[in-house]
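Going by the UniProt record's numbering, the sequence shown opens with residue 1, and the numbers climb by one from there.
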Amino acid sequence: MAAESAPSAVACLRNRFINLFPVAILYKNCFHLLNSWSLSDFEIGRPLGKGKFGNVYLARERKSKFIVALKVIFKSQIMKANCENQLKREVEIQAHLRHPHILRLYGYFHDDKRVYIILEYAPKGEVYKELQLMPGKKFDDKKAATYIYQLANALKYCHAKKVIHRDIKPENLLLDAKGQLKIADFGWAVHAPSSRRMTLCGTLDYLPPEMVQGQTHDEKVDLWSLGVLCYEFVVGTPAFETATWNGTYNKISRAAYSFPPYVSQGARDLVSKLLVLNPAGRLPLDGIMSHPWIIENAEIPHVSSK
Numbered sequence: 001m002a003a004e005s006a007p008s009a010v011a012c013l014r015n016r017f018i019n020l021f022p023v024a025i026l027y028k029n030c031f032h033l034l035n036s037w038s039l040s041d042f043e044i045g046r047p048l049g050k051g052k053f054g055n056v057y058l059a060r061e062r063k064s065k066f067i068v069a070l071k072v073i074f075k076s077q078i079m080k081a082n083c084e085n086q087l088k089r090e091v092e093i094q095a096h097l098r099h100p101h102i103l104r105l106y107g108y109f110h111d112d113k114r115v116y117i118i119l120e121y122a123p124k125g126e127v128y129k130e131l132q133l134m135p136g137k138k139f140d141d142k143k144a145a146t147y148i149y150q151l152a153n154a155l156k157y158c159h160a161k162k163v164i165h166r167d168i169k170p171e172n173l174l175l176d177a178k179g180q181l182k183i184a185d186f187g188w189a190v191h192a193p194s195s196r197r198m199t200l201c202g203t204l205d206y207l208p209p210e211m212v213q214g215q216t217h218d219e220k221v222d223l224w225s226l227g228v229l230c231y232e233f234v235v236g237t238p239a240f241e242t243a244t245w246n247g248t249y250n251k252i253s254r255a256a257y258s259f260p261p262y263v264s265q266g267a268r269d270l271v272s273k274l275l276v277l278n279p280a281g282r283l284p285l286d287g288i289m290s291h292p293w294i295i296e297n298a299e300i301p302h303v304s305s306k
């Protein structure tokens, strides 16, 4: 009986994930055909990052030589955390999004032990890492405004498709070879409106008051997170960061923050119009993209959705 337990456990894993992920296809002109994939179709390169449930590797599809990032997730860890449906939702949402500032999810496949997600490769890495290398760990107004514009543009597209991201922060933003921002992680994304309560683990710094208080929320949570992000870009630290969970919670609940003297008046004005306790009072995405500080500082190329 003991000898049969391991195969039966593997079969259970496989069957659960077949129900969640019935098809494995890759969408990309370079590949010519919709296809079913396996690990043998890829050459695996260096690790790009490590996540809660697995790792991300640089990879190359053998036939086309197309470079991708391959996210490898352990099924046992996903099941232990009871996150199968969250992973399914992440894949379903991101796979259907097509925008210059959203990382493409080309496809996925799985074997007995792992799920593999095929992602666009962003060579310049995380915005967070770029930020840490800057003097004072902050950007100048030109770069900050450019990134905020690109992010607002991407979120406008998401919100039009009734997708709320809910986890905008520097660690979830990547840069492609041209330095263009890409939203990269849709692990907490949902379709609007949402009554789901997020498990408040890790940092609270970017979460809006309605979420830390466990209230029903809509797409305006992303506007608050944009405000916190803009603040960190121009100040060098998150607006509500403290040494304790309770301290951060209290500051978020009161929208209690202040600016150091070196922050420009335009940046202050934009942030103050986003970090508003009442979600209905937050500046909408069109207002962000047309804000005088954005218009004055951002590099705004004429781009169209892919």
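Here a beta-carbon is modelled for each residue, glycine too, at the ideal position from N, C-alpha and C. Keep in mind that this is a model prediction, so the values were computed, not measured.
| Check | Outcome |
| --- | --- |
| Using DSSP's beta-bridge definition, name the partner residues of residue 110. | 115 |
| When the Cα of residue 284 is compared with those of 151, 245, 241, 206, which residue comes out closest? | 151 |
| Starting from residue 175, trace the alpha helix (DSSP H) in both directions and tell me its first and last residue. | Counting along the chain, residue 175 falls outside any alpha helix (DSSP H), though it belongs to the beta strand (DSSP E) covering 173 to 175. |
| What does the Cβ neighbour count give for residue 62, buried or exposed, with the cut at 16 atoms within 10 Å? | exposed |
| Which residues in the same chain as residue 103 place their Cβ atom closer than 8 Å to its Cβ, once the five residues preceding and following it in sequence are excluded? | 94, 119, 120, 122, 174, 182, 183, 184 |
| Between which two residues does the beta strand (DSSP E) containing residue 47 stretch? | 42 to 50 |
| Mapping DSSP to helix, strand and coil, what is residue 16? | Confidence in residue 16 is poor, its pLDDT being 47 and thus under 50, which makes the residue's placement too unreliable to answer from. |
| Would DSSP call residue 204 helix, strand or coil? | coil |
| Over what stretch of residues does the alpha helix (DSSP H) that includes residue 95 continue unbroken? | 84 to 95 |
| Taking all protein chains shown into account, do 16 or more other C-beta atoms lie within 10 angstroms of the C-beta of residue 245, making it buried, or fewer, making it exposed? | exposed |
| Here's a check: name, in chain order, each residue in its chain whose Cβ is nearer than 8 Å to the Cβ of residue 279, leaving out the five neighbours to either side. | 208, 210, 217, 218, 220, 221, 223, 224 |
| Name the residue from 98, 268, 180 whose alpha carbon lies nearest to the alpha carbon of residue 143. | 180 |
| Within the continuous beta strand (DSSP E) that includes residue 308, where are the two ends? | Residue 308 lies beyond the residue range present for the chain, which begins at 1 and ends at 306; the question has no answer from this structure. |
| Would you check if there are 3 or more beta carbon pairs closer than 8 Å linking the stretch 263 to 275 to the stretch 159 to 178? | no |
| Under the DSSP definition of a beta bridge, which residues are partnered with residue 56? | 49, 71 |
| Using CA atoms only, rank isn't needed, just tell me which of 296, 98, 73, 255 is closest to residue 111. | 73 |
| Please state whether the Cβ-Cβ distance between residue 106 and residue 115 is less than 8 Å. | no |
| By the DSSP assignment, the beta strand (DSSP E) with residue 183 in it spans what residues? | 181 to 183 |
| I'd like to confirm the pairing. Which residues does DSSP put opposite residue 102 in its beta bridges? | 183 |
| Roughly how far, in whole angstroms, is the beta-carbon of residue 228 from the beta-carbon of residue 206, given that I think they are within contact range, below 8 Å? | 5 Å |
| Just list the residues that DSSP pairs residue 125 with in beta bridges. | 175 |
| In terms of residue numbering, what span does the alpha helix (DSSP H) encompassing residue 287 cover? | 285 to 289 |
| My guess is that residue 148 and residue 230 are in contact by the Cβ rule of under 8 Å, so how many angstroms apart are they, rounded? | 5 Å |
| How many Å lie between residue 212 and residue 204 at the Cα? | 8 Å |
| Could you say which of 137, 255, 158, 68 lies nearest to residue 177 if we only look at CA atoms? | 68 |
| Out of 84, 71, 90, 53, which has the shortest C-alpha to C-alpha gap to residue 188? | 90 |
| Three-state secondary structure (DSSP) at residue 165? | coil |
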